[in-house]
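*Asks:* Heads up: the sequence shown begins at 1 in the UniProt record's numbering, then just goes up one per residue. All C-beta atoms in this analysis are idealised placements derived from N, C-alpha and C, irrespective of residue type, glycine included.
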Amino acid sequence: MSLVALWGAVTIAGVLAAILLRRLSPLAALVLIPVLTSLASGFGLRTSGFIISGIQSMASVISMFVFAILFFGVLTDGGMLNPLIHWILRIVGKSPIRIVPGTFLLALLIHLDGSGAVVFLITMPALLPLYDEVGIDRRILACAASLAAGVNFLPWTGPTIRAAASLHVSTISLFRPLLPVQIVGLLFALGICTWLGYREGRRLGRVENGTMIHAPVSTPPRSSVRFAINVALTLVVLAAAVTGKVEPAVCFMVGTVVALIVNVPNAERQRIQIEAHAKAAITMTAILCAAGASPASSKERGCSRPWRLPACISFPPVSELISRSCWRSWPCRLALSSIPTPSTSACFL
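#1: Can you look up residue 7 in the DSSP assignment and give me helix, strand or coil?
#2: Mind checking which residues open and close the alpha helix (DSSP H) that includes residue 353?
#3: Since residue 233 contacts residue 255 with CB under 8 Å, what's their CB separation in whole angstroms?
#4: Would you call residue 212 buried or exposed, if buried means 16 or more other Cβ atoms sit within 10 Å of its Cβ?
#5: State yes or no: is the C-beta of residue 172 within less than 9 Å of the C-beta of residue 159?
#6: Select from 167, 24, 59 and 9 the residue whose C-alpha is nearest the C-alpha of residue 38.
#7: Quick test of the definition: if touching needs 3 or more C-beta pairs under 8 Å, does the segment 275-285 touch the segment 240-256?
#8: I'd like the list of long-range same chain contacts for residue 92, defined as Cβ closer than 6 Å, with 5 residues on each side in sequence excluded.
#9: Given residue 227, which residues of its chain have a CB within under 8 Å of its CB, disregarding the five upstream and five downstream residues?
#10: Counting only the same chain and skipping the five closest in sequence on each side, list residues whose C-beta sits under 6 Å from that of residue 229.
#11: Do the CB positions of residue 291 and residue 64 come within less than 9 Å of each other?
#12: Are residue 61 and residue 170 touching if we call contact CB-CB under 9 Å?
#13: For residue 188, which three-state DSSP category applies?
#14: Helix, strand or coil for residue 77? Go by DSSP, reduced to three states.
#15: Would you report the Cα separation of residue 28 and residue 77, rounded to the nearest angstrom?
#16: Based on Cα-Cα distance, which residue from 68, 119 and 134 lies nearest to residue 278?
#17: Spatial neighbours of residue 329 within its chain, please: C-beta separation below 6 Å, excluding the five flanking residues on both sides.
#18: In or out: residue 273 buried (at least 16 other Cβ within 10 Å) or exposed?
#19: Going by C-alpha to C-alpha distance, which of 89, 35 and 94 sits closest to residue 47?
#20: Taking DSSP as the reference, what is the three-state secondary structure of residue 25?
#21: In whole angstroms, what separates the C-alpha of residue 306 from that of residue 41?
#22: Using the rule of at least 16 other Cβ atoms within 10 Å of the residue's Cβ for burial, across every protein chain shown, is residue 195 buried or exposed?
#23: Using only the alpha-carbon positions, how far apart do residue 11 and residue 33 sit?
#24: Is residue 237 near residue 186, with beta carbons less than 9 Å apart?
#25: Excluding the 5 residues flanking residue 56 on each side, which residues of the same chain have their C-beta closer than 6 Å to its C-beta?
#26: For a test of the three-state rule: what should DSSP assign to residue 53, helix, strand or coil?
#27: Here's the rule I'm using: 16 or more other beta-carbon atoms within 10 Å means buried, otherwise exposed. How should residue 54 be labelled?
Shown next as C-alpha cells:
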C-alpha cells in the first residue's frame with residue numbers, strides 16, 4: 001500500500017469514526033479531518049485549491065437543492081396540497097383498509113419536496129384525529145408515513161444528492177437507473193400498508209365500514225385558478241427535470257420565480273417566504289459543500305482510487321477473488337452495513 005493510499009484510508013476511517021461515535025457533526029467531520037490529513041501528508045496550502053475544486057464540481061447540485069426547497073416550500077405554503085389532502089381524507093372514510101394505504105399515498109405526495117420533516121408535520125396533524133376516532137394503532141400512522149418518506153427517493157432529496165456528490169455524477173444520471181427499483185419499492189410499501197390496514201380492520205371489525213367523513217383539518221378556501229396553475233407548474237418542472245431536457249437547477253430556479261409571482265405577488269412577502277425556507281436550504285448546502293470538498297481533496301491528491309480498495313491494488317489475486325465471489329452480493333452487503341449508521345452522511349463515504 002502506498003503512503004498516499006494510507007493517508008486516504010486514515011481520512012475515511014477518521015471521518016467515519018467521528019460521525020458514528022458522534023464526536024463531531026457530519027459537517028465538522030467532513031471538513032476538518034480531510035483538511036488535517038491533507039496538511040499532515042505534505043500538501044500544505046494546495047489543500048485550499050483542492051477544496052475549491054470540489055465545491056465547484058458541486059455547484060449545479062447545490063443550486064438544484066436550494067431552489068427545489070424554495071420551490072416546493074412556496075407551493076406548499078400557497079395551499080397546493082390542501083385540496084389533495086382533503087380529497088384523500090374524503091376517499092378513505094372510516095375503513096382501516098383504506099385509511100392506512102391512504103396515509104401512505106398522502107405522505108408520498110407531501111414528500112415531493114424532499115423533506116422528511118414536512119411529511120410528518122403535515123401528515124400527523126391531518127390524520128391523527130381520524131386514527132383516534134376509528135381506533136387504529138397510532139404506531140401504524142408513523143409506520144405508513146415513514147415508509148413513504150423512506151422509499152420515495154427523488155433527484156432533489158438528500159440521500160440522492162449526497163450519493164451523487166460522493167460519486168461525482170449528476171443526480172439525474174443516478175436517478176434514472178433507480179426508477180424501476182423505486183417503483184418496486186413503492187408497490188411493496190403500499191402492499192405492506194394495505195396488509196396493516198386489513199389487519200387493523202379485522203381487529204376492529206370494521207373492514208366493510210365505508211362511512212365517509214370530512215377532513216379533520218380546515219383551511220381557508222384557495223383560488224381554483226391558482227391551484228390549477230400550481231399543479232401545472234409542478235408537472236412541467238418535474239417532467240423537465242426528470243427527463244433531463246433542461247438542467248434540474250435551471251428548472252427549479254425558474255419554477256421558484258414563477259411560483260413566487262403566482263402565489264406571493266407582493267415583493268416584501270416574497271422575501272419573507274424565501275427567508276422562511278432558507279434555514280433548511282442553508283443547512284443541507286453546507287453539508288453538500290463539505291461532502292463535495294472532502295472526496296475532491298483526496299482525488300486531487302491522487303489517493304481517490306487507492307484508498308477505496310488498497311488491498312486489491314497491492315494484491316491482485318484478492319481483487320480477482322472479490323470480483324468472482326462477492327461482486328453480485330456486494331450492493332446488498334453495503335446496504336446492510338449502512339443501516340445502523342446514525343447519520344446518512346456517513347453512508348456515502
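*Replies:* The answer reads as follows:
#1: The sequence position of residue 7 within the sequence shown is 7, counting from 1. DSSP places residue 7 in helix when its eight states are reduced to three.
#2: Given a span of 1 to 349 for the chain in the structure shown, any question on residue 353 remains unanswerable.
#3: As a working mapping, residue 233 is identified with position 233 in the sequence shown. As a working mapping, residue 255 is identified with position 255 in the sequence shown. At roughly 6 Å, the Cβ-Cβ gap stays under 8 Å, so residue 233 and residue 255 are in contact.
#4: One-based indexing of the sequence shown puts residue 212 at position 212. Residue placement at residue 212 cannot be trusted, given a pLDDT of 40 that sits under 50; what the coordinates show is reported in the next sentence. Result: exposed.
#5: Start at 1 with the first residue of the sequence shown, and residue 172 comes out as number 172. Start at 1 with the first residue of the sequence shown, and residue 159 comes out as number 159. For residue 172 and residue 159, no; Cβs fall outside 9 Å.
#6: Locating residue 38 in the sequence shown gives position 38, where the first residue counts as 1. With distances taken between Cα atoms, residue 38 lies closest to 9.
#7: no
#8: If you number the sequence shown from 1, residue 92 lands on position 92. Counting only Cβ-Cβ distances below 6 Å, and skipping sequence neighbours, we find 98, 99 and 102.
#9: What you label residue 227 is simply residue 227 of the sequence shown in a count that begins at 1. Excluding sequence neighbours, residue 227 sits near 79, 80 and 83.
#10: Within the sequence shown, numbered from 1, the residue matching residue 229 stands at position 229. For residue 229, where only same-chain residues beyond five positions count, the Cβ hits under 6 Å are 262.
#11: As a position in the sequence shown, residue 291 is number 291, starting the count at 1. As a position in the sequence shown, residue 64 is number 64, starting the count at 1. Against a cut-off of 9 Å, the Cβ pair of residue 64 and residue 291 comes out as no contact.
#12: Stepping through the sequence shown from its first residue, residue 61 is reached at position 61. Stepping through the sequence shown from its first residue, residue 170 is reached at position 170. Result yes, Cβ atoms of residue 61 and residue 170 sit closer than 9 Å.
#13: For the purposes of this step, residue 188 is taken as residue 188 along the sequence shown, with counting starting at 1. Looking at residue 188 - three-state DSSP - the assignment turns out to be helix.
#14: Start at 1 with the first residue of the sequence shown, and residue 77 comes out as number 77. Note: residue 77 maps to helix in three-state DSSP.
#15: One-based indexing of the sequence shown puts residue 28 at position 28. One-based indexing of the sequence shown puts residue 77 at position 77. Spanning the two alpha carbons is a distance of roughly 33 Å.
#16: In the sequence shown, counting from the first residue as 1, residue 278 sits at position 278. Out of 68, 119 and 134, 68 has the C-alpha closest to the C-alpha of residue 278.
#17: Counting from 1 along the sequence shown, the entry for residue 329 is found at position 329. Answer for residue 329: no residue qualifies.
#18: Numbered from its first residue, the sequence shown carries residue 273 at position 273. Label assigned to residue 273: buried.
#19: By 1-based counting over the sequence shown, the position of residue 47 is 47. Of the listed residues, the one whose Cα sits closest to residue 47 is 35.
#20: The count along the sequence shown starts at 1 and reaches residue 25 at position 25. Of the three classes helix, strand and coil, the one that applies to residue 25 here is coil, per DSSP.
#21: Residue mapping note: residue 306 aligns to position 306 of the sequence shown, counting from 1. Residue mapping note: residue 41 aligns to position 41 of the sequence shown, counting from 1. In this predicted model, residue 306 has a pLDDT of only 41, less than 50, meaning its place in the structure is not dependable enough to derive any value.
#22: Reading the sequence shown from its first residue, position 195 is the one you call residue 195. With fewer than 16 other Cβ atoms within 10 Å, it is exposed.
#23: Within the sequence shown, residue 11 is the residue found at index 11, counting from 1. Within the sequence shown, residue 33 is the residue found at index 33, counting from 1. If I take the Cα positions, the gap works out to 6 Å.
#24: Translated into positions along the sequence shown, residue 237 becomes position 237. Translated into positions along the sequence shown, residue 186 becomes position 186. No. Outside cutoff.
#25: Here residue 56 refers to the residue found at position 56 when the sequence shown is read from its first residue. There are no such residues.
#26: Position 53 of the sequence shown, counted from the first residue, corresponds to residue 53. Reduced to three states, the DSSP call for residue 53 is helix.
#27: On the sequence shown, position 54 is the one that residue 54 refers to. Residue 54 should be labelled buried.
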